[in-house]
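Report on the structure given below.
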Amino acid sequence: MASKAATSSSIPTADLESFSSHLQSSRRILALLGAGLSASSGLPTFRGAGGLWRTHDAVSLATPEAFQADPGLVWQFYNYRRHMALRAQPNNAHYALAQLARKTRDFETLSQNVDGLSQRAGHPGDKLHLLHGSLFDIKCGEFFCDYVQKDNFTNPVVPALAIPTGEIDPTSNAARGARELDISDEKVELPEVAIRDLPHCPKCKTGILRPGVVWFGEALPRDTIRYIDDWIHATNKIDLILVIGTSAKVYPAAGYVDTARARGARVAVVNTERTDAPGSGLTKKDWFFQGDAAEVVPQILKPIIGELETRAQQA
Ligand SMILES: *[C@@H]1O[C@H](CO)[C@@H](O)[C@H](O)[C@H]1NC(C)=O
Ligand SMILES: [Zn+2]
2 MASKAATSSS IPTADLESFS SHLQSSRRIL ALLGAGLSAS SGLPTFRGAG
52 GLWRTHDAVS LATPEAFQAD PGLVWQFYNY RRHMALRAQP NNAHYALAQL
102 ARKTRDFETL SQNVDGLSQR AGHPGDKLHL LHGSLFDIKC GEFFCDYVQK
152 DNFTNPVVPA LAIPTGEIDP TSNAARGARE LDISDEKVEL PEVAIRDLPH
202 CPKCKTGILR PGVVWFGEAL PRDTIRYIDD WIHATNKIDL ILVIGTSAKV
252 YPAAGYVDTA RARGARVAVV NTERTDAPGS GLTKKDWFFQ GDAAEVVPQI
302 LKPIIGELET RAQQA
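Numbering (our numbering) for the sequence shown: 2 to 316.
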């Protein structure tokens, strides 16, 4: 089969053609997004974070108990993660998905990413639902208060959290290669941050604001889960679920693949690893596109979004 697609990558032409025709006839589409979407945006992972955070277990900082015990320390950690995420740029997969969301009326996105890159790529907010919250949502730490501010990209979030100098550039090739945050200058010490210098809640006036991410031991956002469940179980069947950059092997993500399939959806997976079959595994009717999401996603969505105009911008 001769096709334009044959020139652009190793994706089998037959797969691309059958996917294209299904995509073009799809009315209701769900996209399930994970960390692999942002992989080529140069975002370090925080497992085994080094440097300044060497003496702190990143997992133990991501708990309500840690925030209760030392909100200044937890804010420094999250301020750092915000800083790093802001230095990363949305890639062409983020832009392509934002385009698809704009062009498809009945489209929903469920993202497991907290990095804010979809938002910065212009993904429509009403079609973007965050399963684990966002580094850039800020909410009141008091259980009785519902204050939340979405997409606050101010960095540092308050002046007292300005990052001490002496870090290596996290976007350098070395840092990217390691895929780990590693601030080698151990002489840099974290300054103490006074409680009064942390962001406070403008609504209840008593709470300290906290990052709007889901911490270990916390429930997933109930409204988000309910919204997506209602959408999935609406009268019309689902035509397509795109599973991008996530193994979707862990619940609830895995459950969405199986449920969407049960509601009629065909499954298309984009991931670097073939072994990462989502839900209860792939079937013959599914598509698996192996590769970096930033390259594969714009290519497979081309029948709807055309040639991507917005290249990843330099900050
Ligand atoms: C972000 O939140 C901080 C802390 O509440 C606040 O001071 C700042 O003005 C906010 N930024 C924007 C753009 O609203
Ligand atoms: Zn409050």
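All C-beta atoms in this analysis are idealised placements derived from N, C-alpha and C, irrespective of residue type, glycine included. A quick note: this is a predicted structure, and the numbers were derived from the prediction, not measured.
Residue pairing of residue 212 in beta bridges, as defined by DSSP: 139. Between residue 269 and residue 20, the CB-CB gap stays under 8 angstroms. Here residue 34 is near residue 246, since their CB atoms are less than 8 angstroms apart. Between ligand 1 and residue 155, a heavy atom-to-CB distance of less than 7 angstroms is present.
Fewer than three beta-carbon pairs drawn from the region 191-208 and the region 103-121 are found closer than 8 angstroms, and the two stretches are therefore not classed as touching. Counting along the chain, the unbroken beta strand (DSSP E) around residue 272 starts and ends at 267-272.
Per DSSP, reduced to three states, the secondary structure at residue 191 is coil, with no helix or strand assignment. Here DSSP, grouped into helix, strand and coil, assigns residue 134 to strand. Bounds of any alpha helix (DSSP H) do not take in residue 105, whose DSSP letter is neither H nor E. The region 221-228 makes no contact with the region 63-80; the number of CB pairs closer than 8 angstroms stays below 3. Pairing residue 242 with residue 261 gives a Cβ-Cβ distance under 8 angstroms. At least one heavy atom of ligand 2 lies closer than 7 angstroms to the C-beta of residue 204. Distance from the CA of residue 123 to the CA of residue 99, rounded to the nearest whole angstrom, comes to 6 angstroms. Assignment of residue 199 by DSSP, reduced to helix, strand and coil, places it in the coil class. With respect to the 8 angstroms criterion, residue 214 and residue 149 are not classified as neighbours on the basis of their beta carbons. Within the chosen limit of 7 angstroms, ligand 1 reaches the beta carbon of residue 200 through at least one heavy atom.
In terms of side-chain proximity, the C-beta atom of residue 208 is found nearer than 7 angstroms to a non-hydrogen atom of ligand 2. Residue 135 holds the alpha-carbon nearest to the alpha-carbon of residue 36 among 68, 24, 135, 63. In this chain, residue 239 is not harboured by any alpha helix (DSSP H), its DSSP state being neither H nor E. If you check the C-beta of residue 60 against ligand 1, you find no heavy atom less than 7 angstroms away. Residue 139 has its CB nearer than 7 angstroms to a heavy atom of ligand 1. Beta-carbon to beta-carbon, residue 64 and residue 217 are separated by about 5 angstroms, close enough to satisfy the 8 angstroms threshold. The criterion of a C-beta distance shorter than 8 angstroms is not satisfied by residue 86 and residue 129. According to DSSP, residue pairing for residue 29 in a beta bridge involves 107.
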